[in-house]
Amino acid sequence: MLPNPQSGLILGIESSCDETAAAVVRAGEQVLSNVVASQIATHALYGGVVPELASREHLRNIVPVARAAMQEAGVDFCELEAIAVTEGPGLAGALLVGITYAKSLAFALGKPLIGINHLEGHIHAVLLEMRQQTRMALPLPLLALVVSGGHTHLYLAEPLHVEAGGTGWQYRNVGRTVDDAAGEAYDKVAKLLGLGYPGGPWIDALAKHGDPYAVKFSFAQIKPKAHRTGGQEVGGRRFHFSFSGIKTAVLRYVETHAMRDGIEKRRQALAAIPHAKPADALTLCDAETLGLIASFQRAVVDDLRRKAFAAAEAFGAHSLVVSGGVAANSELRERFTKEARERNLPIAFPSLSLSTDNAAMIAAAAWPRLRAAEFAAEELSATAQLALGQG
Ligand code: KG4
Ligand code: ZN
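Residue 637, in the working numbering, is where the sequence shown stops; the numbers in between run on with no holes.
Right under this line is the structure:
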């Protein structure tokens, strides 16, 4: 039986990494609640996500977070049309907590369960807000850059049956990182420079005070495995990314410029400040450090920008979407927006709260699936390396 499209209340559950999240979204558009329990404080001590600790924290948080989302939305469990949950990619143990909870709830309530790819969720964070704010759709196909702590992917995306009102979406993966994700590079460089965790917001804030041309970084060209379409090489590895080299280049710079002692002093000074914030680090950074930070950010944003716009052009995309934790970056937003304006290409980012991991994006991505009655099989389980679309 198809659900009533007028009352498409979906409870979304997300636990793929270090945020336990639950949200209630109506018809892929109206966010009634969006609760996120962050584990940053737990993992900050280690400068990165510790999988075992993440699973333990999800176990502790999942029930109160889901209840809080329902309460905030003012919705009773029996009013839900479906439960949606992230099935991958992510940390297997962390994903399993959300999946087990969602499965049990769906079974107990007799409601359908919908499995969502986390990367699809990030794309739908933008689509949700576009519908909410402007009631306008982005011109299709769109090119999506999903850039976070675990992913740097380019997807060409469009609804499967546009003429029938759009039931599901199809994705073609046209670019990805061959090693580290961009957010991972931010986190590792921040850790290397004695800054806080996660590194993105620290580097974002400090880069504004440094000379972005102080240090010259270059990106290795990813060797193409030629792949021809219509006589032209449009795919291959032309739009692949690699961020492990820049992390090593920062390390080499630190070593050859005798920055170790200064870094250690900064690390200790920040550790002594309760709940230290990026602003606390400013006076602890000299011009050389700020220049290194600004140059790193400029280089990463440049690489993302060049490849995203080149891919949009090569694949004939009519709009660009940038989502995932790194999409919160202020320089990235500014430079992408400027280039999009110059190229007359519509561009959209999620609001800051929907850029990083959340469950509203999972519930929104589930709406077209609910309409198409595409439900998860009983054996739905965590898939740590779950791919999205073809390519
Ligand atoms: O999407 P997300 O919450 O989780 C994953 O799916 O990975 O992204 C987290 C990542 C972290 O690497 C974090 O450093 C980065 O997003 N991030 C940022 C900013 N805010 C968060 N990177 C650059 N600039 C920011 N303002
Ligand atoms: Zn994410």
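In this text, a Cβ means the ideal position worked out from N, Cα and C, and glycines have one as well.
Asked, Found
"May I have a chain-ordered list of the alpha helix (DSSP H) segments no shorter than 4 residues that lie completely inside the region 281-315?", "286-290"
"Determine the burial state of phenylalanine 353: buried for a count of at least 16 other Cβ atoms within 10 Å of its Cβ, exposed for fewer.", "exposed"
"Got a sec? Which residues, its chain only, sit under 8 Å from serine 284 by beta carbon, not counting five neighbours each side?", "Asp264 and Glu265"
"In the DSSP assignment, find the alpha helix (DSSP H) that holds glutamine 543 and state where it starts and stops.", "533-560"
"Which whole runs of the alpha helix (DSSP H) in the region 553-627 are 4 residues long or more, in chain order?", "576-589, 598-601 and 606-617"
"Taking the straight line between their C-alpha atoms, what separation do you get for isoleucine 539 and leucine 452?", "7 Å"
"Can you give the Cα-Cα distance for arginine 483 and glycine 421, rounded to whole angstroms?", "7 Å"
"Looking at the unbroken beta strand (DSSP E) that takes in proline 405, where does it start and where does it end?", "398-405"
"If you reduce the DSSP assignment to three classes, tell me which class leucine 516 lands in.", "helix"
"Among the residues of its own chain, which have a CB less than 8 Å from the CB of glycine 477, if the five just before and after it don't count?", "Residue placement at glycine 477 cannot be trusted, given a pLDDT of 37 that sits under 50; what the coordinates show is reported in the next sentence. Excluding residues within five positions, none has a Cβ falling inside 8 Å."
"State the beta-bridge partners of serine 279 as determined by DSSP.", "Val270"
"Give a yes or no on contact between the region 291-300 and the region 582-601, applying the rule of three or more CB pairs nearer than 8 Å.", "no"
"In three-state DSSP terms, what is cysteine 263?", "coil"
"So, do the region 569-587 and the region 491-505 have three or more beta carbon pairs nearer to each other than 8 Å?", "no"
"Excluding sequence positions up to five away, which residues of its chain have a Cβ less than 6 Å from the Cβ of glycine 537?", "Gly456, Asp457 and Ala460"
"Looking at the secondary structure, which residues open and close the beta strand (DSSP E) in which alanine 330 lies?", "328-334"
"According to DSSP, simplified to helix, strand and coil, what is tyrosine 432?", "helix"
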